[in-house]
């Protein structure tokens, strides 16, 4: 016969186990440098002073403004685009590729890719891939999960399709709205050889990032770095 004391102990142990599992899943979901399957890179361990400049989301009506800054500074970048946005603005995708930039996959709807079915993962990734190819992108297509979140089905799909997950180690504007000077300062202080810088220049919320872009590039150049695309950076690893 199970006594009341033992019943309480069992319930407490089960609750503790569930809490540990939940905490583990949360940490795994948000881990920047680890996933359960497939290749993941947040920074390339090299001595050469090279940096990959990456942009998440979009494209939108600010594409020309961003392109003009990159062209003036002679920088090529990697754009992790949202498929539905690229569908609505295919001319922007073509313009980015024509200018020598790299297009990469940031899902079709920008939904969080946790607790989703394998069919959902395939649909989100493959529809975006097709639009990226239609824009003229050649070679491997890198992938970045929205808000960096991944758990089980997404990494397993990516591993099964030999896809590379690209995260980041510098994120001056994620989840907040710092001023242009602060964005430049944080990148200058945090960038290291092999860094992957994440920026969000789109929509109205990206105004400060767009305003910081020229100064950010000049600051990083001033430290002796050169900018490369994600594919070029990974090839150096």
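In my numbering, the protein residues as written are 1 to 237.
Glycine is no exception: its CB is placed at the ideal position from the N, C-alpha and C atoms.
| Item | Value |
| --- | --- |
| Please work out which residues of its chain come closer than 7 Å, Cβ to Cβ, to residue 112, disregarding the five sequence neighbours upstream and downstream, and give them in chain order. | 146, 147, 149 |
| Who are the Cβ neighbours of residue 214 in its own chain at under 6 Å, not counting the five residues just before and after it? | 69 |
| Compare the C-alpha of residue 36 against each of 118, 156, 144, 56 and name the closest. | 156 |
| Hey, out of 80, 74, 48, 57, whose CA is closest to residue 166's CA? | 80 |
| Grab the span of the beta strand (DSSP E) containing residue 228 for me, first residue to last. | 226-228 |
| To the nearest angstrom, how far is the alpha carbon of residue 211 from that of residue 220? | 16 Å |
| Put residue 119 into one of helix, strand or coil per three-state DSSP. | helix |
| Counting only runs that start and end within the region 139-179, where is the beta strand (DSSP E) found for 3 or more residues in a row? | 164-166 |
| Buried or exposed: residue 236, going by 16 or more other Cβ atoms within 10 Å of its Cβ? | exposed |
| Excluding the five sequence neighbours on either side, which residues of its own chain have a C-beta within less than 7 Å of the C-beta of residue 94, listed in chain order? | 135, 136 |
| Output the distance between the C-alpha atoms of residue 238 and residue 230, rounded to the nearest integer angstrom. | This structure leaves residue 238 out entirely; the chain is present only between 1 and 237. |
| Should residue 118 and residue 153 be called a contact, given that it needs their Cβ atoms to be closer than 8 Å? | yes |
| Let's see if you can read the secondary structure: which residues bound the beta strand (DSSP E) around residue 52? | 50-56 |
| So, residue 180 versus residue 62, is the Cβ gap smaller than 8 Å? | no |
| What's the C-alpha gap between residue 189 and residue 172? | 11 Å |
| Exposed or buried, which one is residue 23 when buried takes at least 16 other CB atoms within 10 Å? | With a pLDDT of only 42 at residue 23, under 50, the local geometry of the prediction cannot be trusted, and the value read off the model is given with reservation. Exposed, because fewer than 16 other Cβ atoms sit within 10 Å of the Cβ of residue 23. |
| In the DSSP output, what is residue 190 paired with across the bridge? | In the DSSP output, where bridge partners are listed per residue, residue 190 has none listed. |
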